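Input: a single structure, listed below in structure tokens.
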Amino acid sequence: MTTTTTTTTSTPPVTPPVVPPVNKADEEEFYTWTGKARGWLLKKLPPEKLLPQDQPSYVASWIYVFGMGAIAALVVIIVSGIVLSFNGPLWWHQSSLGHFVNSTHLWSVELFFVFMVVHLWGKYWMTAWRGGRILTWITGVVAFAVSIVAGFTGYLLQTNFASQWIAFEGKDALNAAGIGAWFNVANLGQIFMWHIVLLPLAVGVVVALHVVLVRMHGVVSPADATMTDSQLRDAPALDAAAGKGN
Amino acid sequence: MAKKVLSESEQIARRPWKGSLREYDLFKEGTIAVIIVTALTLVLAGVIGSPDEPSITLQSWAKAQPNDFVATATTELAGTSETAGYGPPYNNTQGATQTVGPLDLQSLSGVRIPIDTAKDLVITPLSTMPSVPSGVSEWNGASAADQTAWATAYSDALAAAPNNDPAQVATGEYGPVPGITHALLGMAASGALDGVLQAKDSFYNLDYTPTILLLGDGAYFGDLATAQHLTGDQWGMMNETGNYPGQSWLWLFSLFYQIEPFKSAGNADLLVVGVMGVLTLLLALVPFIPGLRTIPRWIPLQRLVWKDYYKKR
Amino acid sequence: MHGLALLAAGSEPGIYLGWGPFVIQLGNFVVIVVMLVLFVLALVLPFTKGKTRK
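Protein sequence lines, in the order shown, are assigned to chains A, B and C. The number in this note's numbering is simply the position in the first sequence, starting from 1, with 2 added. Position 145 of the second sequence, counted from 1, bears residue number 140 in this note's numbering, the numbering being contiguous throughout. The number in this note's numbering is simply the position in the third sequence, starting from 1, with 6 added.
In structure tokens:
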């Protein structure tokens, strides 16, 4: 005779709360667009790289302030431009305060280009594109070119003799290049919107990209740096895979 | 394929820096920079200011240089003005476009901003007057051949007259042209032409193309610009009126217009734009250009930048 | 400074410096010279800022 022993009925297994599986490197797994975006951003530009408290010790020259100077000038350009926007493009002819604000807009632009050009010269002589920083260089040149176009449209908006003449002359270069029909420098309405909306956005995006790239790659090391330098002595031995490249 | 041997410095440049550090405050430096630049800007703006050369109008032109105005109006009727012979985007004129060999970018858009100089700049504005000058209907009823003959003859006569004074032209077959141009002068002097060319059929109009083109066809506008060193062969592109700095970053662009072969080329604009486009591209690609990218090694200014580092290594 | 203001102001044509085909307006000339001077100074001036860590 067999007796069936009934074990105490167990409660149905409890489903544990859903927890993202953890892999052995103790990294969160990303399963949504948002999560994946976060993971990618954190990998490319972790917070300590984006907003560091330290810099390599070789960043010790006044040449390094000009990039920041250009950005500071850009801030003043935008702020003075915003003040001008409150009252429109004719305000500065009618009000001495308006004229003063216009002057600040002009001079912040001059300073912007001064700092940007010195920054460019510095980066060239430092061969700052080394170590995979080619995109940083390229975005910098693009920022330069877009800024020139933005400045040009600004000069067209002076609504005085200079802007009349610049429109008259400028049309020839654009027409010769075949784009004058779509970018009409004599059309104040069009140029106005390019100057206060499209081009500032473009400059902002390119400059932001450029700065992010600098933060991602770090400031380029000295052109003649060697592994035996005292500043690197305590550093873990770099992978001596000469020839393998990255 | 031979493996590329990376120099030590390139290897170091590629890796995140693991060496000694300096304290560095990004936000503090940014704040200081903004404060300094703002202060500089306020001082420069306060002390030097910015130029504001008042704009000219068709009215101020008509009053200042009536003879030049009449002569220009005549060329618009004759179709011999710069605008009339410009080609796209304003009109279709054979051989007018700037080309380099088979490359003709100017024709790309076609006539997208059509300007019929006789109609749009002279006849139509006059037709809006409360009492339309009688010459207008005579002009409209005439054949194209007659129109051209009258206007061209009058244009030549004005050029030959002392001081280009319409009152002193030789007698000739000019049809209604003298009357029409004189009426247009009056319309301009009263200020009505500025308004009519601007407003055209709509109340709101921010497009100044016809007025700018008409101004440019005359000598008055260009002479004023020459006096201010703003023309192409005066490095004008980078200049502002007075002593105010202009767009000094356009120095290279301006430079080309001062030298041959650009200086006397009919397609100078296309050539200069092309050259500048190529040079800008080259600047962007400097890291790839052998020689150009090596100059900083031959002239090692970088040793000044990192002199501290090299001293302590 | 007052002289600077006088120099810059006004609707009279500005001061132009020329050497052959090269004619440059005073304002632009000053801007370019300032850039060159800043560049040279940035390279040669001693840099004394920031504490070293590590």
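C-beta: ideal position from N, C-alpha, C; glycine also. Predicted model, so just to flag it, every value in this text is computed and none were measured.
Beta-carbon proximity of residue i to residue j, cut-off 9 Å
i, j, result
"Y149 of chain B", "V164 of chain B", "yes"
"D231 of chain A", "R298 of chain B", "no"
"G142 of chain A", "H212 of chain A", "yes"
"Q233 of chain A", "S63 of chain A", "no"
"V119 of chain A", "A204 of chain A", "no"
"Y19 of chain B", "V61 of chain A", "yes"
"V0 of chain B", "N262 of chain B", "no"
"P282 of chain B", "W127 of chain A", "no"
"S110 of chain A", "V32 of chain B", "yes"
"F68 of chain A", "L44 of chain C", "yes"
"F64 of chain B", "G167 of chain B", "no"
"V300 of chain B", "L42 of chain C", "no"
"V78 of chain A", "T36 of chain B", "yes"
"F102 of chain A", "A40 of chain B", "yes"
"P291 of chain B", "V191 of chain B", "no"
"V270 of chain B", "F251 of chain B", "yes"
"S76 of chain B", "T161 of chain A", "no"
"I136 of chain A", "A28 of chain B", "no"
"P46 of chain B", "E112 of chain A", "no"
"A184 of chain B", "P61 of chain B", "yes"
"A169 of chain A", "I207 of chain B", "yes"
Contact list for residue i against chain A, beta-carbon separation under 9 Å
i, result
"L32 of chain C", "Simply none; closest approach about 14 Å."
"L49 of chain C", "S63, W64, I65, G124 and W127"
"D264 of chain B", "D174, A175, L176, N177, A178 and A179"
Chain B contact residues for residue i, given Cβ-Cβ distances below 8 Å
i, result
"V36 of chain C", "P240"
"H101 of chain A", "G44, S45 and D47"
"V43 of chain C", "Within 8 Å Cβ-Cβ: nothing; V43 of chain C doesn't reach chain B, min ~14 Å."
"W184 of chain A", "S104 and R107"
"T161 of chain A", "S50"
"V222 of chain A", "A8"
Proximal residues of chain B, C-beta to C-beta of residue i below 7 Å
i, result
"N177 of chain A", "P84 and Q101"
"L113 of chain A", "V32, L35 and T36"
"I150 of chain A", "W244"
Strand pairing of residue i, partner residues [DSSP]
i, result
"P54 of chain A", "Answer by DSSP bridge pairing: none, since P54 of chain A is not bridged."
"L113 of chain A", "Beta-bridge pairing links L113 of chain A to no other residue."
"M30 of chain C", "It is Ile, not Met, that sits at residue 30 of chain C in the sequence shown. C:L23, per the DSSP bridge assignment."
"N189 of chain A", "B:D202"
Contacts that residue i makes with chain C (C-beta to C-beta distance below 8 Å)
i, result
"V300 of chain B", "L49"
"L296 of chain B", "L49"
"V120 of chain A", "M41, L44, F45 and A48"
Residues that residue i contacts on chain B, provided the C-beta gap is smaller than 9 Å
i, result
"V29 of chain C", "H224, Q229, W230 and Q253"
"I80 of chain A", "Per Cβ cutoff of 9 Å: no residues; I80 of chain A is ~11 Å from chain B at best."
"N104 of chain A", "A40, G44, S45 and D47"
Partners in chain A for residue i, counting only beta-carbon separations shorter than 7 Å
i, result
"V40 of chain C", "V116"
"Q89 of chain B", "Chain A residues near Q89 of chain B: none, gap ~17 Å exceeds 7 Å."
Chain C contact residues for residue i, given Cβ-Cβ distances below 9 Å
i, result
"E235 of chain B", "G20, Q31, G33 and N34"
"D303 of chain B", "P52 and F53"
Distance cut-off 8 Å: residue i Cβ against heavy atoms of the ligand GTP
i, result
"A8 of chain B", "Ligands in the displayed structure: none, and consequently the ligand GTP is not present."
Interface residues of chain D facing residue i [CB-CB closer than 7 Å]
i, result
"S15 of chain B", "Protein chains A, B and C are contained in the structure displayed, whereas chain D is not."
- What are the complete alpha helix (DSSP H) segments, minimum 4 residues, inside the segment 4 to 52 of chain B? 21 to 42
- Item | Whole runs of the alpha helix (DSSP H) within the segment 78 to 143 of chain B, excluding any shorter than 4 residues | Segments of the alpha helix (DSSP H) lying fully in the segment 78 to 143 of chain B: 119 to 122 and 129 to 136.
- Length at least 4, wholly inside the segment 176 to 263 of chain B: the alpha helix (DSSP H) runs in chain order: The segment 176 to 263 of chain B contains these whole alpha helix (DSSP H) runs: 187 to 194, 204 to 212, 214 to 222 and 246 to 253.
- Query: Would you call the segment 236 to 246 of chain B and the segment 255 to 270 of chain B in contact, with 3 or more CB pairs under 8 Å?
  - Reply: Taking 8 Å as the limit for Cβ pairs, the verdict is that the segment 255 to 270 of chain B does not touch the segment 236 to 246 of chain B.
- Message: Check whether the segment 78 to 96 of chain B and the segment 142 to 157 of chain B touch, using three or more Cβ-Cβ pairs below 8 Å as the test.
- Response: Contact between the segment 78 to 96 of chain B and the segment 142 to 157 of chain B is absent, because fewer than three Cβ pairs lie under 8 Å.
- Query: Is there contact here, the segment 188 to 204 of chain B with the segment 186 to 197 of chain A, by at least three beta-carbon pairs under 8 Å?
  - Reply: Yes, they touch.
- Message: Taking contact to mean 3 or more Cβ pairs, one atom from each stretch, closer than 8 Å, check whether the segment 87 to 107 of chain A and the segment 30 to 48 of chain A are in contact.
- Response: no
- Message: Which runs of the alpha helix (DSSP H) at least 4 residues long sit entirely within the segment 82 to 142 of chain A? Give them in chain order.
- Response: 93 to 96 and 98 to 127
- Query: Using 8 Å as the threshold, is the segment 176 to 187 of chain A in touch with the segment 224 to 236 of chain B, meaning 3 or more CB pairs across them?
  - Reply: Flag = no, the segment 176 to 187 of chain A and the segment 224 to 236 of chain B do not touch.
- Task: Decide if the segment 175 to 194 of chain B is in contact with the segment 162 to 178 of chain A; the criterion is three or more beta carbon pairs, one per stretch, under 8 Å apart.
- Result: no
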